[in-house]
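Enquirer: The opening position of the sequence shown corresponds to residue 56 in this note's numbering, with each subsequent residue numbered one higher. Where is the CB? At the ideal position from N, CA and C, for every residue including glycine. My questions all concern the structure below.
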Amino acid sequence: MTNETDIAADPLREESAPVESLGQTLATLRTARGLTLAEISNRIKFSETQLRALESQNWATLPNGFMLRGMVKKYAQVLETDEQPLLHLLGQQPGIERDQLVATTPTNINLKRSTDYEIRDTYSRSGRSSGTGLWLFVILLVLVVIAVYGFTRGWYTLQDLGLESLEHWFE
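And the structure:
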């Protein structure tokens, strides 16, 4: 004799349970809130055609990857409901491959979180100067140009600067 706890613990029965329809869930939530597809479309900036395809689960006409996930997230936000169960439901829908939901990137790229990056001087890492020397050179060059301009205008003489020994250069 089988009791209810044996049925609930049977993993084969859980796997064979029908998957709830994401499209039907979204449509039910939308009508319960009294919203039309046009109102949802205006708020989340996806067309009514795309939203209709989502509710009817016409996956061939919908975008893949993060765009589809983003559409479901925004739809959930407008419906003021938790997006995580809907995204989980999206991953279980027949006709959607798991890799369609993951952003397609080459496998040899190791993506990092933004907090994993360190602030580094990219020039010094590659063997080139960091740019500080260039700025010092530009500042020194500007000061020399100002000094020569001031000397030619008579703002000061070589004697004022203590450089009498350089007078033979300017004769």
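Thinking L84 and L117 are a contact (beta carbons under 8 Å), I'd like their distance in whole angstroms, please.
Expert: Contact doesn't hold; Cβ gap of about 18 Å is too wide.
Enquirer: Just to confirm the assignment, what range does the alpha helix (DSSP H) spanning N97 have?
Expert: L92 to I99
Enquirer: State the start and end residues of the unbroken alpha helix (DSSP H) segment that holds I194.
Expert: T187 to T207
Enquirer: By the DSSP assignment, the alpha helix (DSSP H) with D215 in it spans what residues?
Expert: L213 to L216
Enquirer: Once you ignore the five residues that flank T162 on each side, which residues in its own chain have a CB closer than 7 Å to its CB?
Expert: Any answer about T162 is weak, because its pLDDT of 47 lies below 50 and its placement is not dependable; what the coordinates show is given next. Correct list: empty, nothing qualifies.
Enquirer: Quick check on this structure: which residue in V127, L191, V193 and A202 has the alpha carbon closest to the alpha carbon of A82?
Expert: Comparing Cα positions, the closest option is V127.
Enquirer: Comparing alpha-carbon positions, which option in F206, R208, S220 and G78 lies nearest N113?
Expert: G78
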